[in-house]
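Residues in the sequence shown are numbered from -18 upward in steps of one, following my numbering.
Each residue gets a CB set at the ideal place from its N, CA and C atoms; glycine is no exception.
No experiment lies behind these values; they were computed from the predicted model shown.
Notes for the one structure printed next.
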Amino acid sequence: MNRTSTPIDTDYLVVGAGTTGLAFADTLLAHSGAHITLVDTRGKPGGHWNDAYPFVTLHQPSAFYGVNSLALGSGRKDNAGLNAGLYELATGAEICAYFDRVLQHTLLPSGRVGWHPMCRVHEGGPEGPRIENLLTGAVQKVHVRRKIVDARYLSPVIPATHKPRFEVEPGVRLVAPNALPRLAQGAAASGAPLPRHFVVIGAGKTAMDTALWLLGAGVPQQAITWVKPRDAWLVNRITTQPAPEFFFDAIGSQADQMAAIGAATSLDDLYLRLEACGALLRVDTGRMPTMFHLATVSTAEVAALRTLPNVVRLGHLLHLAPGRMQLADGVADVPADAIFIDCTASAVAPRPLQPIFQDGGADVSGAPGRIVLQLVRLPQPAFSAAAIAYIEAHDEAYPDTAAKNAMCATVPFPHTMAGYPRSVAVGMQNQARWGQDKALRQWMRDSRLDGFGRLMSQVAPDDSAKLAVLARYKAGAMAAMANLPRLMAAAEG
Ligand SMILES: Cc1cc2nc3c(=O)[nH]c(=O)nc-3n(C[C@H](O)[C@H](O)[C@H](O)COP(=O)(O)OP(=O)(O)OC[C@H]3O[C@@H](n4cnc5c(N)ncnc54)[C@H](O)[C@@H]3O)c2cc1C
């Protein structure tokens, strides 16, 4: 850091212009007269989506992703492919273009948002927060009148920016999924032959996306090896559809899930009940999964993944040599010219939970307060960031840090199987508090980011079938609340 320039005066310094930073800024702008300074080390808004693999899409519908003030996508259902019949899933490129529009058409024209791309926020030290321009080295002090907003907490590790934890011998062809669509161009430029065998390393959603992309590109099942250290429970995408024609799939499933949580006698029993009611899926029904990161898939995607015959289940990969993999529980050979695709980046690396609203220094340092954007509803980062902004903007209703945190308990991401009951319990407690707050409840109902609120509130008083589902949901929720402490005690034991 070298040159310094004029200090910036602002109400909120938002560190990170990914989904959470933008969803927060958008709602804060709509509900306050605050000035916001938005900073990102990347050159464009959209965070990790800027570096995502070209065939990435959302795994839940576009309809409730992004910022509150602007719809994402065309509101259509897919009529071809593995998501046919379900609402569209924005691609990474669509999400980046969308966030660019949010910045150019909503945030900047307000005259209350300062945008600092290619800049890093530094917070330590007696001088307080500073913004370093990564291209010029210039540093600007920032005088923050209200709060620093940390919009990095939920930032995922992605294939393009991740370093594999296994050893790789020289001569091994190891790529990120990002390289696959460009293989032909790469081979033409280098003269290297195109691969004829593909080894997908990893058990999560990126690995599934990659295997499905290879199948879609015509690669025969036999030419794919899937290195799968563990199995995952997956959310059935039909249960996430936020539209009236899916009421019984979506809200009906919520009622079923509550009943399953209310009746479960153990953790395994809980997951099996959630599978039995169609909420969860697994690729291999003969194996009990040991991971649940809320990856969301269609039944057609699961069916396609089940056709893969070469699945290596020898634990985590330790060492790669051309044509040979040393894994924790043994060795597996593949064709010598196979290409390996690293899908081992963990999108949901564990981080310690913090209160969302934090007081600043009451001492002479006068350090501003902080907001650390985390989940208040699982697994909804965009909705969570917007809801936190709404609470922050309404000082008259939530006058201090304690009152704000009382509305926004941090929902822990279930990094282990045992963590899920606690995530559900905290999420339900938040929902119960929100339900008692008329103005907040109305904001949520009107919010495009709340997938199901409007669906539930729009049931006609004479629609007995839907009313029966709502009654079942209410009874199930009470049973679930009663049983969750038992499940948590058994799980966390
Ligand atoms: C493949 C994939 C699919 C997903 N699908 C869905 C879905 O369907 N529905 C859903 O709700 N969620 C989905 N998610 C999760 C979610 O959308 C977000 O990706 C997640 O919450 C992270 O967003 P973020 O803004 O917190 O982080 P990021 O996108 O990582 O943004 C954080 C930004 O902060 C910047 N930054 C970091 N440090 C500094 C600093 N010191 N100064 C300045 N800038 C800094 C980084 O450069 C980055 O751009 C998906 C995630 C992945 C990986």
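- In this structure, the alpha-carbon of GLY474 lies about 18 Å from that of VAL407.
- In terms of CA proximity to VAL264, LEU215 leads the group LEU448, LEU215 and ILE219.
- As a beta-bridge residue in DSSP terms, MET272 pairs with ALA213.
- Excluding the 5 residues flanking it on each side, ALA188 has same chain C-beta neighbours closer than 6 Å at VAL181 and CYS324, in chain order.
- For ALA33, the distance from the CB to the nearest heavy atom of ligand 1 is below 8 Å.
- The beta carbon of VAL293 sits closer than 8 Å to the beta carbons of THR206, TRP207, VAL208, LYS209, MET306, LEU308 and ALA313 from its chain, once the five residues preceding and following it are set aside; these are given in chain order.
- By the criterion of a C-beta distance shorter than 8 Å, ARG93 is surrounded in its chain by LEU10, GLY14, ALA15, HIS16 and ILE17, once the five residues flanking it on both sides are discounted.
- In the three-state reduction of the DSSP assignment, TYR(-7) falls in the strand class, which pools E and B.
- DSSP places ILE337 outside both helix and strand once states are collapsed to three, so it counts as coil.
- In the three-state reduction of the DSSP assignment, GLY350 falls in the strand class.
- Annotated three-state conformation of LEU155 is strand, per DSSP.
- Non-local C-beta neighbours of THR288 in its own chain, meaning closer than 8 Å and more than five positions away in sequence, comprise LEU196 and GLN202, ordered along the chain.
- Under DSSP, ASN114 forms a beta bridge with CYS100.
- For GLN235, the uninterrupted alpha helix (DSSP H) segment begins and ends at 228 to 244.
- By the Cβ test, the segment 266 to 281 is not in contact with the segment 116 to 130, since fewer than three Cβ pairs between them sit closer than 8 Å.
- Setting aside the 5 residues that flank it on each side, CYS77 is surrounded in the same chain by LYS25, GLY27, TRP30 and ASN31, each with a C-beta closer than 7 Å to its C-beta; the list follows chain order.
- Taking all protein chains in view, the Cβ of THR117 is surrounded by fewer than 16 other Cβ atoms within 10 Å, so the residue is classified as exposed.
- VAL37 has its CB nearer than 8 Å to a heavy atom of ligand 1.
- Contact between the segment 51 to 68 and the segment 129 to 143 is not established, with fewer than three Cβ pairs separated by less than 8 Å.
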